[in-house]
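So the sequences go chain by chain: A and B. In this text, residue positions in the first sequence follow the UniProt record's numbering: the first is 1, and each later residue adds one. In this text, residue positions in the second sequence follow the UniProt record's numbering: the first is 1, and each later residue adds one.
Protein chains: 2
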Amino acid sequence: MPDDTAEAWPTPTVDVAELTRILDGRYAEVRDAVRKALPSYASVLEDAETMSRDQFQERVKEVVLELADTGATGMGFPEEYGGGGDLGASIAAFETLGYGDLSVLVKVGVQFGLFGGAILQLGTKVHHDTYLADLVTGRLMGCFAMTETGHGSNVQALGTVATYDQDAAEFVVTTTRPDACKDYIGNAARHARVAVVFAQLEVRGQGHGVHALVVPLRDEQGNLLPGIRIEDDGPKMGLNGVDNGRIWFDGVRVPREALLNRFADVTEDGTYVSEIESPGRRFFTMLGTLVQGRVSVGAASISAAKVALTIAVHYGLRRRQFEATSEETEELILDYGLHQRRLFPLLAHTYALHFAQEVLTDHLHDAFSGTVTDEESRRLLESRAAGTKALATWLATRTIQECREACGGAGYLSVNRFAALKADTDVFATFEGDNNVLLQLVAKGLLTDYASDFEDLDQLGMVKFVAGLAVETVLERTRAHKLLQGIRDALPGGGDSWDTDTGLLDPGYHLAMYRFREEHLLGGVARRLKRGVDAGMNPGEVFSRVQDHVIAAARAHVERLVLEAFVEKVAAMEDGDLKLALNLVCDLHALTGIEADRAWFMEHGRLTSQRAKAITREVGALCRRIRPVAAELVDAFAVPRPLLRAPALVGEGTGG
Amino acid sequence: MPDDTAEAWPTPTVDVAELTRILDGRYAEVRDAVRKALPSYASVLEDAETMSRDQFQERVKEVVLELADTGATGMGFPEEYGGGGDLGASIAAFETLGYGDLSVLVKVGVQFGLFGGAILQLGTKVHHDTYLADLVTGRLMGCFAMTETGHGSNVQALGTVATYDQDAAEFVVTTTRPDACKDYIGNAARHARVAVVFAQLEVRGQGHGVHALVVPLRDEQGNLLPGIRIEDDGPKMGLNGVDNGRIWFDGVRVPREALLNRFADVTEDGTYVSEIESPGRRFFTMLGTLVQGRVSVGAASISAAKVALTIAVHYGLRRRQFEATSEETEELILDYGLHQRRLFPLLAHTYALHFAQEVLTDHLHDAFSGTVTDEESRRLLESRAAGTKALATWLATRTIQECREACGGAGYLSVNRFAALKADTDVFATFEGDNNVLLQLVAKGLLTDYASDFEDLDQLGMVKFVAGLAVETVLERTRAHKLLQGIRDALPGGGDSWDTDTGLLDPGYHLAMYRFREEHLLGGVARRLKRGVDAGMNPGEVFSRVQDHVIAAARAHVERLVLEAFVEKVAAMEDGDLKLALNLVCDLHALTGIEADRAWFMEHGRLTSQRAKAITREVGALCRRIRPVAAELVDAFAVPRPLLRAPALVGEGTGG
């Protein structure tokens with residue numbers, strides 16, 4: 001068995017604190033503050049197991065209120081209302097809260113991200129003055145009533161209606177169909193006193209599409225107001241500290257000012273006014289302002305994966321089973337090739353998504369602080385947020401599962417955290433948009449060159465639009481051609497034979513492969529859509545048949561963005577051991593990505609079977625190289641020790 | 001988009017009752033009896049969510065006792081002790097119990113399979129007379145105390161010791177190290193009055209390896225006996241109706257007759273006697289008699305997957321989202337290509353594993369009813385049980401996860417069953433042997449031609465053994481060469497170019513591909529092991545590096561067995577619509593298996609990139625062909641309606 005290239009290199013020494021500093025980036029201070037605050041609430045992790053749902057939901061509420069007092073949850077609100085005035089910092093704080101109990105995290109997300117975010121982004125000064133100061137402290141709890149039993153992904157088809165009554169200058173909010181009750185609404189079952197309700201707005205008999213209104217649900221004593229019916233959603237797989245519920249509205253009257261009127265308003269005399277003419281455009285502009293929800297879910301998923309990896313890697317460094325290299329001592333399980341193969345690629349992907357998330361957070365911050373204001377950037381941000389959320393949540397699910405199995409039976413005991421991690425994060429793939437639907441939106445943006453608003457997934461329209469263009473035009477418009485230029489630029493000598501002549505550990509090679517795949521998949525989708533329509537098939541049927549290609553193209557796009565973020569981060573680092581170590585991690589991330597899709601690369605002439613096998617060998621070699629620094633790589637996540645629990649798995653002294 | 005071959009065929013009509021009859025096979029009566037009994041206990045599914053752990057564990061115990069009264073749980077015991085005298089029937093009954101609450105299932109497994117099985121298989125008449133009648137009724141609850149905190153997979157290294165005290169004619173049982181306490185032991189925390197304890201037997205200062213003894217834990221009032229300490233394992237991810245615990249023994253004395261002495265005994269004067277000379281062989285013969293545990297876990301996993309698929313497929317036939325093929329109506333989500341792609345291959349794999357499990361159950365029955373007695377058959381049975389358990393449990397985890405995501409946010413509510421299905425089945429990949437360890441055992445059996453006992457995984461020995469042979473000899477001994485002969489026999493014209501000239505839907509082609517892969521992977525493992533040892537590497541290090549190939553070879557072997565079982569089942573059916581339908585399912589199973597591993601086939605010259613792409617297209621076409629009969633395919637599992645719960649997802653009237 002000949003030694004592989006990577007193996008000849010020296011093992012880097014990893015300074016954990018320094019690596020943490022790199023991971024923490026510009027929000028190190030905020031992250032540290034949350035890390036310091038969280039251990040006081042470590043007991044919530046146990047409460048989740050021992051308390052009844054009722055008790056636990058009250059306990060989680062208390063913790064959320066205490067966190068609000070520390071300022072950690074209000075970073076994203078304007079300072080004049082008691083916030084921190086820094087949206088990027090609020091995402092970093094939320095990400096770090098992902099190390100703790102996830103019911104607390106989600107309740108924070110509901111109260112400050114969804115409810116607070118809607119008031120801030122969709123409302124105007126009157127709403128800000130009325131609600132923000134109180135909601136930032138948590139004195140006023142609210143909920144975000146968008147999803148209905150019958151409609152989650154397709155928000156434009158909601159069945160709740162708000163009709164303007166001109167005589168009373170009020171809106172009348174009504175649940176019009178059995179499947180139009182608001183469902184899965186966090187904070188609704190117990191604590192919300194008001195709701196931001198998304199409803200079809202009707203003025204003078206004319207529909208204007210979905211708009212948001214503030215509707216009071218309960219009085220100060222917590223009694224339901226007239227016309228409101230609320231039902232608990234009952235026990236859930238996880239997140240049982242969050243009080244999700246269903247809400248029915250029976251002709252509930254709210255004043256005209258209840259309409260969150262930043263983008264559209266109804267005058268007293270019943271005239272609908274908006275600066276945005278197109279109803280679709282208006283709706284998607286509103287939705288677009290809520291993008292921070294998706295950014296937050298992605299961030300929290302990555303944190304949950306980090307917790308799981310920290311436990312599993314340390315367990316692999318304590319647990320021995322079977323004699324292997326010696327007759328006397330059983331082998332550390334992390335010294336088994338298979339165990340490395342199971343954990344290290346997931347560790348590498350988690351690093352990659354961490355840095356991709358950092359870029360995304362920066363873009364979000366720039367867009368919402370007014371640094372960047374053009375519409376194209378906004379759509380790119382929405383696309384990037386959706387795609388990163390999908391990849392991060394799926395990665396978390398996979399990572400937590402593999403880490404749990406890598407801890408054997410012990411991983412099944414609640415005290416070792418995997419039970420809650422698995423159960424609580426499972427819904428992340430679904431909420432803030434089903435991952436597959438989100439990837440379709442990403443693909444639509446790519447295929448139409450962001451010609452329409454992000455959420456406007458009209459499949460028929462998209463298919464017809466693409467079918468109306470020449471494939472070359474699609475590629476031109478999708479900037480996929482720029483990718484190919486990028487391939488040549490990244491490699492020496494114009495890179496004409498980059499797929500055979502470059503070293504397997506050359507980041508230029510990795511980027512070229514990811515870019516080629518994206519470009520080719522997008523072109524393929526365009527071709528298939530055109531061919532189907534040209535053959536006279538129903539456009540919906542065409543879409544259905546091409547759907548898995550659509551998802552694959554979107555995925556390839558987001559994976560390329562993730563890889564670029566990681567490669568650029570490492571390239572910008574000062575030379576030294578840390579750069580060497582992160583280079584290994586980046587190589588492993590990139591190569592396992594190519595390896596996982598090597599069938600596709602072979603099918604498309606970009607990988608010989610010889611080179612494909614060489615990649616698999618190189619992945620094994622990289623794992624062996626990472627093994628000596630695996631503990632440092634997870635310790636740099638700096639998950640506070642009390643949050644790891646799992647004393648039997650990781651020992652008492654481990655962790656940040 | 002040209003139409004695919006499969007699409008030109010007519011859609012079969014599926015008679016659900018008739019398909020159920022085929023699935024139920026020879027144990028239809030037993031399965032029906034359990035199906036009739038289960039709905040009375042459907043309320044346990046809700047109790048799991050609403051009761052405290054204490055209450056729920058008592059409730060589950062009650063249900064187990066009531067089920068014992070029906071005779072469903074005692075099928076595998078001799079009739080003279082109140083059993084049914086039919087081991088195959090007992091597996092079928094257990095499999096069907098997998099439709100219900102899984103704490104009940106696992107407690108049944110612990111009491112009757114593990115505890116009862118150990119008494120029956122490892123004990124002799126005195127033990128049978130003392131315990132069987134009472135344990136069959138559940139009057140005597142017991143536990144199976146094998147796993148320790150420090151050792152699960154490597155049972156030979158257990159730290160509990162039983163020393164023979166000749167003067168008293170007693171064994172003294174002691175927990176010798178902190179990590180030698182028995183751990184995760186079902187029934188231990190509350191209900192077991194006795195335990196079958198696995199301990200290192202020491203007689204006259206000499207160790208004889210691990211043996212099993214019956215040790216009383218509690219008196220009739222449930223008080224712990226002297227020298228016994230028991231601790232609750234605490235809340236778990238799932239299965240909280242089972243009282244798992246840790247047990248410490250502090251010099252506990254049991255009479256000489258406590259030793260389960262079917263394979264070895266200690267005479268009164270302290271002489272160790274056994275008909276099996278080799279200690280390793282003796283131990284593995286004992287373990288081998290407990291194979292039904294693994295067969296049972298595999299069976300239950302398949303049932304859990306069936307429940308998940310039934311819910312998800314029916315949800316896909318009710319839920320609509322987004323206009324696609326028509327402007328007026330939203331599309332059924334099961335009509336989306338991606339949704340079919342997500343669910344149907346898993347449905348096909350579940351069918352395949354069902355039939356593979358049927359073959360395995362038959363082999364088990366034959367071995368234990370004395371029809372088949374040779375040692376080789378026994379080892380083949382153990383290998384097959386281990387491999388099927390690994391594949392079935394992983395498939396269940398994957399299927400339940402995908403089905404949950406395919407039901408969106410609704411899938412997250414406990415009322416819709418996925419919460420419990422996920423949490424309860426998660427440990428199946430770990431218990432009765434970690435899946436990866438089991439696959440290593442399978443590989444070892446293949447590589448050594450079952451020369452040694454099944455569980456005897458001495459990696460050093462195995463590596464040295466294989467390294468000592470020529471690769472050809474390994475292939476000769478592993479019967480892999482028979483596979484290649486099988487390839488030629490299965491195809492017309494000697495099948496010299498079967499990988500390019502046969503139709504994609506030809507079962508002969510599928511079998512040839514699966515057989516080629518198995519043969520090639522095994523040869524590759526042998527070559528790599530030899531090369532490493534020849535190069536002077538430490539054999540343990542060699543094993544570690546080849547470990548993922550070892551697992552891949554074992555997996556390929558079991559997948560081949562599974563495919564053969566399915567192909568043979570369908571081939572033996574009478575011509576007609578049902579055969580047509582199952583042929584589609586079998587094709588989808590086989591082709592998605594090849595598709596998933598198409599990179600490997602391309603790397604090894606057995607698939608051109610053109611043909612690989614054609615397979616992907618064919619899979620899409622098969623999914624569209626299966627769509628019209630999808631409801632019937634899941635309805636044939638005949639999961640009793642009350643056990644599905646999920647009224648909002650599947651409607652009130654669905655299910656058997």
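Ideal placement from N, C-alpha and C gives every residue a C-beta, glycine not left out. Only a predicted model underlies this, so the values are computations on that prediction, with no experimental measurement involved.
- With a cut-off of 8 Å on Cβ pairs, the segment 507 to 520 of chain B is in contact with the segment 567 to 586 of chain B, counting three or more such pairs.
- Counting C-beta pairs closer than 8 Å gives three or more between the segment 300 to 309 of chain A and the segment 98 to 116 of chain A, which meets the contact rule.
- For arginine 378(B), the closest of Ala392(B), Met286(B), Gly71(B), Lys125(B) by C-alpha to C-alpha distance is Met286(B).
- Note on alanine 352(A): 16 or more other CB atoms within 10 angstroms of its CB, so buried under the neighbour-count rule.
- With the criterion set as a beta carbon lying under 9 Å from some beta carbon of chain A, the members of the segment 523 to 557 of chain B are Arg528, Arg531, Gly532, Ala535, Met537, Asn538, Pro539, Gly540, Glu541, Val542, Phe543, Ser544, Arg545, Val546, Gln547, Asp548, Val550, Ile551, in sequence order.
- Comparing alpha carbon positions, the residue from Glu476(B), Arg229(B), Gln440(B) closest to glutamine 459(B) is Gln440(B).
- Residues of chain A with a Cβ closer than 7 Å to the Cβ of leucine 413(B) are, in chain order, Asp233, Gly234, Lys236.
- Beta-bridge partners assigned by DSSP to proline 345(B): none are found.
- Counting C-beta pairs closer than 8 Å gives fewer than three between the segment 428 to 447 of chain B and the segment 68 to 78 of chain B, which falls short of the contact rule.
- In this structure, leucine 649(B) sits away from cysteine 403(B), with a CB-CB distance that is not shorter than 8 Å.
- In chain order, Val542 place their CB closer than 6 Å to the CB of glycine 532(B), counting only its own chain and leaving out the 5 sequence neighbours on each side.
- In the structure shown, the three-state DSSP call for cysteine 586(A) is helix.
- Alanine 299(B) places its beta carbon 8 Å or farther from that of glycine 540(A).
- Each residue's CA atom was taken as its position, placing histidine 191(A) and methionine 141(A) some 6 Å apart.
- Within the segment 7 to 36 of chain A, not one residue has a Cβ closer than 9 Å to any Cβ of chain B.
- Between the C-alpha atoms of arginine 625(B) and leucine 563(B) there is a straight-line separation of about 20 Å.
- If you draw a straight line from the Cα of proline 640(B) to the Cα of alanine 565(B), it comes to about 27 Å.
- DSSP places proline 226(A) in the coil class of the three-state scheme, outside both helix and strand.
- Taking a C-beta distance under 8 Å as the contact criterion, glycine 123(A) and leucine 217(A) do not qualify as a contact pair.
- By the 16-neighbour rule on beta-carbons within 10 angstroms, leucine 224(B) is exposed.
- For the 8 Å CB-CB criterion, valine 415(B) and glycine 234(A) form a contact.
- Here the C-alpha atom of glutamine 321(A) lies approximately 11 Å from the C-alpha atom of leucine 158(B).
- By DSSP's assignment, cysteine 143(A) forms a beta bridge with Ala195(A).
- By the C-beta criterion, the segment 586 to 597 of chain A is judged to be in contact with the segment 342 to 362 of chain A, since at least 3 inter-stretch pairs fall below 8 Å.
- Shortest Cα-Cα distance from valine 104(B) to any of Arg342(B), Gln610(B), Leu38(B) involves Leu38(B).
- With the criterion set as a beta carbon lying under 9 Å from some beta carbon of chain B, the members of the segment 320 to 338 of chain A are Arg320, Gln321, Phe322, Glu323, Ala324, Thr325, Ser326, Glu327, Glu330, Glu331, Asp335, Tyr336, Gly337, Leu338, in sequence order.
- Within chain B, Met602, Glu603, His604, Gly605 have C-beta atoms less than 8 Å from the C-beta of serine 609(A), given in sequence order.
- Positions of the alpha helix (DSSP H) runs, each at least 4 residues long and wholly inside the UniProt domain "Acyl-CoA oxidase C-terminal" (511 to 644) of chain A, are given as 539 to 571, 577 to 596, 598 to 603, 609 to 626, 630 to 635, 641 to 644 in order along the chain.
- Just measuring C-alpha positions, the residue of Gly25(B), Val63(B), Gln57(B), Tyr27(B) sitting nearest alanine 42(B) is Val63(B).
- The three-state secondary structure of glycine 74(A), taken from DSSP, is coil.
- Positions of the beta strand (DSSP E) runs, each at least 3 residues long and wholly inside the segment 32 to 63 of chain A, cannot be given because no such run exists.
- For leucine 395(A), the CB contacts under 8 Å within the same chain, skipping 5 residues up- and downstream, are Ser301, Ile302, Ala305, Leu346, His349, Thr350, Leu353 in chain order.
- Its Cα nearest to that of histidine 128(B), the residue Val214(B) stands out among Asp167(B), His208(B), Thr163(B), Val214(B).
- Chain-ordered, the chain B residues with CB closer than 9 Å to the CB of arginine 341(A) read Gln547, Asp548.
- For the UniProt domain "Acyl-CoA oxidase C-alpha1" (288 to 447) of chain B, the full-length beta strand (DSSP E) segments reaching 3 residues or more read 320 to 323, 330 to 332 along the chain.
- Against chain A, the beta carbon of threonine 163(B) has no neighbour under 7 Å; the closest one sits roughly 24 Å away.
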